[in-house]
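Visitor:
There are 2 protein chains.
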Amino acid sequence: MKAVGVVVEYNPFHNGHLFHLQQAKKQSGADISIAAMSGNFLQRGEPALVSKWARTKMALEAGVDIVFELPYRFATQHAETFAEGAVSILSAAGCDTLCFGSESGDLNAFNKTIIFLEENNEKFQERIRFYTGEGYSYPKSISLGFQSLAPDESFIDISRPNNILGLHYIQAIIRQKSSMRAETITRKSAGYHDEHFASATIASATSIRKALFGAVGEIENIKQYVPETTYQQLINYRDQYGGFHSWENYWPLLKYKLLQSNASELRGLYEVEEGLENRLLAAAASSESFQQFMEYIKTKRYTWTRLQRVCLHILTNTSKNTMKTSQKTVNYLRLLGATEKGRSYLNYKKKDFSLPLVSKLSAFSDPDIELDIKASRIYALGQTGKGQEQLLAEEFARPPIMLKS
Amino acid sequence: MKAVGVVVEYNPFHNGHLFHLQQAKKQSGADISIAAMSGNFLQRGEPALVSKWARTKMALEAGVDIVFELPYRFATQHAETFAEGAVSILSAAGCDTLCFGSESGDLNAFNKTIIFLEENNEKFQERIRFYTGEGYSYPKSISLGFQSLAPDESFIDISRPNNILGLHYIQAIIRQKSSMRAETITRKSAGYHDEHFASATIASATSIRKALFGAVGEIENIKQYVPETTYQQLINYRDQYGGFHSWENYWPLLKYKLLQSNASELRGLYEVEEGLENRLLAAAASSESFQQFMEYIKTKRYTWTRLQRVCLHILTNTSKNTMKTSQKTVNYLRLLGATEKGRSYLNYKKKDFSLPLVSKLSAFSDPDIELDIKASRIYALGQTGKGQEQLLAEEFARPPIMLKS
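Chains as they are written, first to last, in the UniProt record's numbering: chain E, 1 to 405; chain C, 1 to 405.
What follows is the structure in structure tokens.
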């Protein structure tokens, strides 16, 4: 049985994801597909629209066979760490191929870029330092630094977010000495950050989320961009838990957390660096929404994503120590759900897995799992009443979702 | 100019307080009255119904001439520390008399009890240890211990809360070598904890608060028990800030604070002792209201008040270190408001004050003031929208309230 791995957030699962999944299976010739999926908080430092359980259902119903959780310690990080975590999961789970979507779509261009960067590493790092010194954000400095080395069009454009992720997947495969093969598929039309619908059936997750937070009834506007199963799961989630999650749901908690902290406590938290704590404390009392707060603290030096991640680690009270950045691989395979085919694969292969397979939280203990549990509890506080109660209860007690075919 | 001091919470100011104030002035022959008043959080570990500013207005309008804030570090403490702080304020402000209300009303009985306790201190402490060892709460053990020493009726009944406070006022005056004279007045009818109206014009603050948290319109039910000025201030506050403050307003924040903390972080907070942190953490996720949470964590060993104080220090993130229990007196006289007569007194006497007079927060710095500011900001989070915004703004910027006659 051949397996293809994908790295996903599915926030929510849409037609672009479906296209990628089907192409990945086809192109790799795999019998089954395995997703390393972020939990309740995502790489851009945001809460997922709906819980990891609802997103697991969407994934299984759309054709993913096995969903493993990418732990908080990796899922909420910059591209390099995110990629290391995801690669270590898919590799440990026996995937033959990792297939990622990219703006480039050309694996040769990726390989050529990696070799170029290795050969010019010293010069490249120097350029990055130059641009950060000029006050540019780190991602922007990487992109400017690379451009300034003037590679031709046979290289990938590393200012594009999915190209950057792809680069790190390949580098992680090399570093981890994984036997996985990398493949890439060109992403369909919509850019990662696009806020507007640009095609008849493919839209970015960003534009879909934007539509969902509009007026009641606007959920119908996204119908053409997502599989029917996603559409139903979204409606079910809204009705069962009380709505979708956004940063605004957590703003009263973040504001409180900031107002009750002092600068030294904040400095102990992950990614709070370079006097940022004073900026955050000064803005907290006078901000009435998360949006307003972010606009107060935004500068050229920090990307919106970086600042959202800072806010997230403050919200979850995640210390520098907890994030143990020196340890770059995942310790366990936490199963969120599987189809029948996925279960056969697990039964057949799990004895060969290089990491423990975790189906019941009560049977396993690990600092990264503790962090995932804490993050999920805080995620639950984005709802009130019964919705919150259910979310709090299911994190610890819920068995993986088993989809019957 | 002779001054009489009173120690108050005025939560809210009612007819019983008015009676006490008028009697205190009369009995002491004072020209002016000075109140040491708790800020936004109170001795029982609760948020005040309305802010310290609204309560200062009530006090001035009812005949108090000067209101100083009893800092958080004293206001939210057991009777001994509470009394030490209040006595140090009134003494530094030049009061000739401290006049407290008590169930006993007999100063001789107080003095006799203090001498008896000093002479039998060793035996008394032993009895207290015996009863706490039996699992009784500390206040209950004091009361049982005293009873077991079998003093006659010429002593005060130290199971009554206002007698206990009075005892500590007198002891603090002695310990601080203050030149203030103590006086006491029998409290009018209503017991401190009474929940039901028991007289035509005098009701406990507890029963008044209970009525205020009932259905809309019930505010009229308290009209006969409070001065017209209090009634108006309450209506103004509700309309201007959005409602009255109760622990339930802060429950989502306390729940979040607990869910994002680990046991060791909680142990660093004031009054979290003897494994209480594990009890609190276990109850947090499954409680849907503050009331329910308190019922989960309540045991014979801890009084409701003690547990509410623990919750309060967790809510305000107040560490054991911050509370510096070894330093028993206040560092400053923070002026919340004054009448014209009060202002004359301040102008005339302030050069003799043994502590700095603080009218503008920006002109003074002290760790206890920092704590007061933090507590007030968190108090503000009990409201939403404009009400919260106003409360956040006024703590730092607001000058003392100057009542014109």
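Even glycine gets a Cβ: it sits at the ideal position worked out from N, Cα and C.
Count the other CB atoms within 10 Å of the CB of R129 of chain E; is the residue buried (16 or more) or exposed (fewer)?
Guide: With fewer than 16 other Cβ atoms within 10 Å, it is exposed.
Visitor: If the cut is a Cβ gap below 8 Å, which residues of chain E does L253 of chain C touch?
Guide: What L253 of chain C touches in chain E: P252, L253, Y256.
Visitor: By the 9 Å beta-carbon criterion, what residues does the region 370-385 of chain C contribute toward chain E?
Guide: The region 370-385 of chain C vs chain E, Cβ under 9 Å: E370, K374, R377, I378, A380, L381, T384, G385.
Visitor: Check whether the region 19-31 of chain C touches the region 237-256 of chain C, counting contact only when three or more Cβ pairs, one atom from each stretch, lie closer than 8 Å.
Guide: Contact fails: fewer than three Cβ-Cβ distances are below 8 Å.
Visitor: Could you pull out every residue in the same chain whose Cβ sits closer than 7 Å to the Cβ of L280 of chain E, ignoring the five residues on either side in sequence?
Guide: Hits under 7 Å: L258, L266, I297.
Visitor: So, is G275 of chain C buried or exposed, given that buried needs 16 or more other C-beta atoms within 10 angstroms?
Guide: So G275 of chain C counts as exposed.
Visitor: Grab me the residues of Q43 of chain E's own chain with a C-beta within less than 6 Å of its C-beta, minus the 5 sequence neighbours each way, in chain order.
Guide: The residues are F82.
Visitor: Assign T97 of chain E to one of three DSSP states: helix, strand, or coil.
Guide: DSSP places T97 of chain E in strand when its eight states are reduced to three.
Visitor: Compare the C-beta of N40 of chain E against all C-beta atoms of chain C and say whether one is closer than 8 Å.
Guide: False, the Cβ-Cβ gap to chain C never drops below 8 Å.
Visitor: Do the CB positions of L336 of chain C and V67 of chain C come within less than 8 Å of each other?
Guide: Yes, the Cβ-Cβ distance between L336 of chain C and V67 of chain C is below 8 Å.
Visitor: Does chain C have any CB closer than 8 Å to the CB of L392 of chain E?
Guide: Answer yes: the Cβ-Cβ gap between L392 of chain E and chain C drops below 8 Å somewhere.
Visitor: With 8 Å as the threshold, decide whether the Cβ of L259 of chain C is near any Cβ in chain E.
Guide: Cβ-Cβ to chain E under 8 Å: yes for L259 of chain C.
Visitor: Return the residues of the region 307-336 of chain C that lie within a Cβ-Cβ distance of less than 7 Å from chain E, sorted by chain order.
Guide: Within the region 307-336 of chain C, the qualifying residues are T316, N317.
Visitor: Quick one: does E153 of chain E have its CB under 8 Å from some CB of chain C?
Guide: No - not a single Cβ of chain C is within 8 Å of the one on E153 of chain E.
Visitor: Using a beta-carbon distance below 8 Å, is E46 of chain C in contact with chain E?
Guide: Taking Cβ atoms only, chain E never reaches closer than 8 Å to E46 of chain C, which makes this a no.
Visitor: Taking M58 of chain E as part of the alpha helix (DSSP H), name the residues at either end of that continuous run.
Guide: Segment 52-61, the alpha helix (DSSP H) holding M58 of chain E.
Visitor: Who are the neighbours of A363 of chain C on chain E, taking C-beta pairs under 7 Å?
Guide: Near A363 of chain C there are no residues of chain E at all, since even the closest Cβ is about 20 Å away, more than 7 Å.
Visitor: From the DSSP output, in three-state form, read off L42 of chain E for me.
Guide: Coil.
Visitor: Can you give me, in chain order, the residues of the region 73-98 of chain C that have a beta carbon less than 8 Å from any beta carbon in chain E?
Guide: Within the region 73-98 of chain C, no residue qualifies.
Visitor: Can you check whether the C-beta of A285 of chain C is within less than 8 Å of a C-beta belonging to chain E?
Guide: A285 of chain C counts as touching chain E.
Visitor: I want to verify the contact list: residues of chain E whose CB lies under 8 Å from the CB of E389 of chain C, in sequence order.
Guide: Correct list: E288.
Visitor: Does the distance between the C-beta of D157 of chain C and the nearest non-hydrogen atom of the ligand ATP fall short of 7 Å?
Guide: The ligand content of the structure shown is nil, which means the ligand ATP is not present either.
Visitor: So who's on the other strand from E183 of chain C, going by DSSP bridges?
Guide: C:C99.
Visitor: Taking 8 Å as the threshold, find out whether the region 50-66 of chain C comes into contact with the region 101-108 of chain C through three or more Cβ pairs.
Guide: No contact exists between the region 50-66 of chain C and the region 101-108 of chain C.
Visitor: Please state the DSSP three-state secondary structure of M1 of chain E.
Guide: M1 of chain E: coil per DSSP, three-state reduction.
Visitor: Pull up the CB-CB distance for K353 of chain C and G94 of chain C, whole angstroms please, since I reckon it's below 8 Å.
Guide: First, the residue type needs correcting, since residue 353 of chain C is Phe and not Lys in the sequence shown. With 8 Å as the limit, F353 of chain C and G94 of chain C qualify as a contact, their Cβ atoms being about 7 Å apart.
Visitor: How should Q383 of chain E be labelled, buried or exposed, when 16 other C-beta atoms within 10 angstroms of its C-beta is the threshold for buried?
Guide: The residue is buried, with at least 16 neighbouring Cβ atoms inside 10 Å.
Visitor: How far does the beta strand (DSSP E) with V67 of chain E in it reach, from first residue to last?
Guide: Its beta strand (DSSP E) spans residues 66-70.
Visitor: Quick check on DSSP: helix, strand or coil for I156 of chain E?
Guide: Three-state result, I156 of chain E: coil.
Visitor: What are the complete alpha helix (DSSP H) segments, minimum 4 residues, inside the region 276-343 of chain C?
Guide: Those alpha helix (DSSP H) runs which fall completely within the region 276-343 of chain C and span 4+ residues are 276-284, 290-297, 304-315.
Visitor: At what residue ranges does the region 72-140 of chain E contain a whole run of the beta strand (DSSP E), taking only runs of 3 or more?
Guide: Whole beta strand (DSSP E) segments, 3+ residues: 97-102.
Visitor: Could you name the residues of the same chain whose beta carbon sits closer than 8 Å to that of R377 of chain E, not counting the 5 residues immediately before and after it, in chain order?
Guide: L392, E395.
Visitor: Excluding sequence positions up to five away, which residues of its chain have a Cβ less than 7 Å from the Cβ of residue 416 of chain C?
Guide: The question about residue 416 of chain C has no answer here: the residues shown for chain C are numbered 1 through 405.
Visitor: When DSSP labels each residue in this structure, what does I401 of chain E get in the three-state scheme?
Guide: DSSP places I401 of chain E in strand when its eight states are reduced to three.
Visitor: Between M180 of chain C and the rest of its own chain, which residues show a CB-CB distance below 8 Å, the 5 nearest in sequence each way excluded?
Guide: So the list reads G5, V87, L90, S91, C95, D96, T97, L98, I173, once near-sequence residues are dropped.
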